[in-house]
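Note that the working numbering has the sequence shown beginning at 1151, numbered continuously upward. Yeah, the Cβ is synthetic: ideal placement off N, Cα and C, and Gly gets one too. First the structure, in the form of structure tokens, and then the observations on it.
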Amino acid sequence: MLNNIRKIRRECPWDAAQTPESIRPLSIEEVYELSDAIIKNSTPDIKKELGDVLLHIILYALMAEEKGQFNLKDVFDALNDKLVFRHPHIFGDYKATTPEEVSKMWEAVKLKEKGGNKTILGGIPSALPSIIKAYRVSDKAASSGFDWNDRHDVWAKVKEEIAEFEAEVDNMSQEKAEAEFGDVLFAMINAGRLFDVNADTALERTNQKFIFRFNYLEQKAKEQGKTLKQMTLEEMEALWQEAKTIHNS
């Protein structure tokens, strides 16, 4: 396969013209397509999208090799060194027997790693989507001990933030309402983390569910010779309930 990719890179005018900068947006797209396949639990699509992501990894390495920077073996070697360094409980004398102990150990190890993170939150990419970033921020903070002693205590924080958001909405303060709404979202993402629910995954599943039900509603309206604007809310609600019985997940 690697020889075929090299050949394509040399002989295909389009592939030969590509640079890391030009394929970066495509790489992001491929990762999102893999994410979508995982959400949908489609084994054939997961296999396909993993191949597409792997192709991009190989292409980046080949482009670097062409410039004499590094090659694919260097990528593997660097990854292997990182894995060994970050798993002293496997390859060293460190003792960690639970996922929680391992998570706390990781953050301490990363701070000691050559060229690694200088602060606990330093390794979080600034370009991450906000929901994913919030989850990572709270998870990393928790790994250092900055967390609730009892996870059920998070509900008091959620209720507090909702009340503050509601108050600012009533005060007609757009800027403050936005800030408080951000606090509500962050508190809810924290709650999800504490109860092993990934907010990004949960929201995307809800997105897919809503899309299915709304498309069903729209299609049924067309079958009746109507647009959605011509239907009453009661009629739309009845069709919505039908959709729920078909795809109630």
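Looking at residue j and residue i, is the spacing between their C-beta atoms short of 7 Å?
i	j	result
glutamate 1318	alanine 1306	no
serine 1293	serine 1253	yes
alanine 1211	valine 1234	no
glutamate 1199	glutamate 1215	no
isoleucine 1173	aspartate 1165	no
tryptophan 1390	leucine 1353	no
aspartate 1350	isoleucine 1281	yes
arginine 1363	alanine 1393	yes
Where do the N-terminal and C-terminal ends of the alpha helix (DSSP H) with residue i fall, by residue?
i	result
tyrosine 1285	1280 to 1293
arginine 1156	1152 to 1161
serine 1253	1249 to 1262
asparagine 1340	1324 to 1344
histidine 1239	1238 to 1241
histidine 1206	1193 to 1216
alanine 1306	1304 to 1320
valine 1181	1170 to 1189
asparagine 1365	1349 to 1373
Among the options, which has the Cα closest to the Cα of residue i?
i	options	result
glutamate 1310	Met1338, Ala1167, Glu1179, Gln1369	Met1338
alanine 1291	Gly1332, Thr1269, Arg1160	Thr1269
isoleucine 1312	Phe1336, Gln1324, Asn1299	Phe1336
glycine 1201	Ile1188, Ser1192, Glu1180	Glu1180
asparagine 1154	Met1322, Asp1195, Leu1209, Thr1193	Leu1209
phenylalanine 1315	Glu1392, Phe1331, Ala1352	Phe1331
aspartate 1333	Asp1350, Thr1351, Val1308, Asp1346	Val1308
isoleucine 1361	Met1381, Asp1346, His1397, Val1347	His1397
proline 1279	Cys1162, Ile1178, Pro1170, Lys1379	Ile1178
For the segment 1284 to 1297 against the segment 1339 to 1350, do three or more pairs of beta-carbon atoms, one drawn from each stretch, fall closer than 8 Å, so that the two count as touching? Contact between the segment 1284 to 1297 and the segment 1339 to 1350 is present, because at least three Cβ pairs lie under 8 Å.
Evaluate contact between the segment 1255 to 1263 and the segment 1231 to 1245, counting only Cβ atoms and requiring at least three cross-stretch pairs below 8 Å. As far as the Cβ criterion goes, the segment 1255 to 1263 touches the segment 1231 to 1245, which means the pair count is three or higher.
Report yes or no: do the segment 1383 to 1397 and the segment 1362 to 1375 share at least 3 C-beta pairs separated by less than 8 Å? The segment 1383 to 1397 vs the segment 1362 to 1375: in contact.
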